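Asker:
Residue numbers (the UniProt record's numbering): 1 to 96.
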């Protein structure tokens, strides 16, 4: 009887390890899909939003763009200038 219990415990551990790997793979897959969606939906910011985000004035924002820290975009069918949040964050990381 003890042998059967030991075999049952070992089988349970093997199954648990296999299930653990499957669960880990499923979680990784879900996070990858979420990350892909976040990257696909690039956040666009208005100049005022960028100034609030960086805590700078509009002239300082213009100087940052002129000095090549990040780009500004003029999209068709949209009024005004816009910025990509990812480029702003990338510029901040370069300064660190």
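Note that the Cβ used here is the ideal one computed from N, Cα and C, for glycine as well. Just so it is clear, the structure is predicted and the values come from calculations on it, not from any experiment.
Just to confirm my understanding: we take residue 61, look at its own chain, exclude 5 residues before and 5 after, and list those with CB closer than 8 Å. What are they?
Answerer: Translated into the one-based positions of the chain shown, residue 61 becomes position 61. Once the five neighbours on either side are set aside, the close Cβ partners of residue 61 are 47, 50, 51 and 54.
Asker: Alpha carbons only, please: which of 87, 22 and 44 is nearest the one belonging to residue 68?
Answerer: Against the chain shown, residue 68 aligns to sequence position 68. The shortest Cα separation from residue 68 among 87, 22 and 44 belongs to 87.
Asker: Rounded to whole angstroms, what is the Cα-Cα separation between residue 99 and residue 29?
Answerer: Outside the modelled stretch of the chain, which goes from 1 to 96, sits residue 99, for which no answer is possible.
Asker: Let me confirm a value: residue 75 is counted as buried when at least 16 other C-beta atoms fall within 10 Å, else exposed. Which label applies?
Answerer: Taking the chain shown and counting its residues from 1, the one referred to as residue 75 is at position 75. With fewer than 16 Cβ atoms within 10 Å of its Cβ, residue 75 is classed as exposed.
Asker: Of all the alpha helix (DSSP H) runs that stay within the bounds of the UniProt domain "Helix-turn-helix" (45 to 95), which reach a length of 4 or more residues?
Answerer: Annotation: the UniProt domain "Helix-turn-helix" (45 to 95) contains the following complete segments of the alpha helix (DSSP H) (minimum length 4 residues), in chain order: 47 to 54, 58 to 66 and 85 to 95.
Asker: When the Cα of residue 42 is compared with those of 64, 20, 93 and 82, which residue comes out closest?
Answerer: What you label residue 42 is simply residue 42 of the chain shown in a count that begins at 1. Cα-wise, what sits closest to residue 42 is 82.
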